[in-house]
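Okay, structure first, notes after.
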Amino acid sequence: MEDTAISLAKNLIGKTSIRHHQVTRRDIRRFAQAIGDQNPLYYDEEFAKTTCHKGIIAPPLFCQTFIFKDVPPDQLPDDLSPAETNIALNGMKTVGGSSDFNLHQCVRPNDEIRVTTRVHDIFSKQGKSALLYFVQVETCFHNQDELLVARELATYIKRTDAQ
Amino acid sequence: MNTSDINTDKISIPQIGDQLRPLIIKPTHAQLFMFSAVTWNRHPIHYSQSAAVAEGHPDVLVQRGLIGNFFARMLKESFPITSKIKYLNWKVINSAIPGDELNCHGTILRVVTTKTGWLLDCEVTINKQDGQSVATGQAKVESLR
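Top to bottom, those sequences are chains A and B. Following the numbering used here, the numbering of the first sequence begins with 130 at its first residue and continues without gaps. Following the numbering used here, the numbering of the second sequence begins with 4 at its first residue and continues without gaps.
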């Protein structure tokens, strides 16, 4: 039987938020540095022009840089995990999980990306020693041409302090 | 990587059972901090050792998102620049921390001929130096011409 918290949390399924970002060369360069990828396709315009891409593109999972909302810290959960998981559940700590990315278009400097985040599902499963809570968040990224650039379905797992 | 490394030692005619070009990565505290910064992920278990220890971890944890990029990098480095990752999923099975040696591997499971060349399915894994599995996933890669 579901607990009250998860029954209430399920009311948030479908809740959507939208935000916009413009991509800069610096965003791409910093992302490439953070993931440890020195491929010149991500920072060397002269090299990138000679490729089939005809210019700098971003690494495949670059849209991760826009996934988390840039809300003030007081709007984050108590453990400062992403705001997307700020859902009243008995599980207090956010861990692990999974990602499912569909990639459609390359991201380039000056692209304007619209980020649409939606709570996809909330459910619980019995873990080894306690109930685990799963929060699934779908994030879609569209560019200035209204083309779907990427879609991620992320699953966050929340657990209690007792574990 | 130098520009001269691009397009060398790539799988241009993929076959079922081919192994992807392995990648070994040793994440550092600085890398985890940078990845938290560029993704604006303020969860301290990724950059504060004391916060991570308080939650029962031995050190700060490698982000799920960063692990996905290790897979993506292995895929990009295994195939020609004229290929594209269409799909990638991964699941974190065990936590990784700075200093761990992460061995990324992959195998081609299926190859389909398309108008532009091929579309293939891979399975991908990351294991630690002791063989413990960190993450597993699946990917689809296609050639663009």
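Ideal Cβ placement from N, Cα and C applies to all residues, glycine included. Just so you know, these numbers come straight off a predicted model, no measurement behind them.
Annotation: Cβ neighbours of Lys-222 of chain A in chain B (cutoff 7 Å, chain order): Glu-58. Neighbours of Cys-181 of chain A in chain B, taken as residues whose beta carbon is under 8 Å from its own, are Ile-84, Thr-85, Leu-147, Arg-148 in chain order. For Leu-147 of chain B, same chain residues with a beta-carbon under 7 Å away, outside a window of 5 residues either side, are Thr-85, Ser-86, Lys-87, Thr-119 in chain order.
For Ala-142 of chain B, no Cβ of chain A is located within less than 7 Å of the residue's own Cβ.
Take Arg-113 of chain B, set aside five residues on each side of it, and the residues of its chain with a beta-carbon closer than 8 Å to its own are Ile-19, Leu-123, Asp-124, in chain order. When DSSP reads this structure, Lys-94 of chain B sits in a beta bridge with A:Ser-227, B:Thr-139.
With respect to chain A, the C-beta atom of Leu-91 of chain B has a partner C-beta closer than 7 Å.
Contact check for Gly-102 of chain B and Val-127 of chain B: beta-carbon distance about 22 Å, past the 8 Å limit, so the pair fails to qualify. In the DSSP assignment, the residues bridged to Ala-279 of chain A are A:Leu-232, A:Phe-270.
Along the segment 155 to 167 of chain A, going in chain order, the ones with a CB nearer than 7 Å to a CB of chain B are Arg-159, Phe-160, Gln-162, Ala-163, Ile-164, Gly-165, Asp-166, Gln-167. With a cutoff of 7 Å on beta-carbon distance, Asn-92 of chain B and Ile-164 of chain A are scored as not near each other.
Boundaries of the alpha helix (DSSP H) harbouring Arg-158 of chain A: 154 to 164, taken from the DSSP string. The Cβ atoms of Ala-138 of chain B and Leu-78 of chain B do not sit closer than 7 Å to each other.
Gln-255 of chain A: member of the beta strand (DSSP E) spanning 241 to 255, first to last residue.
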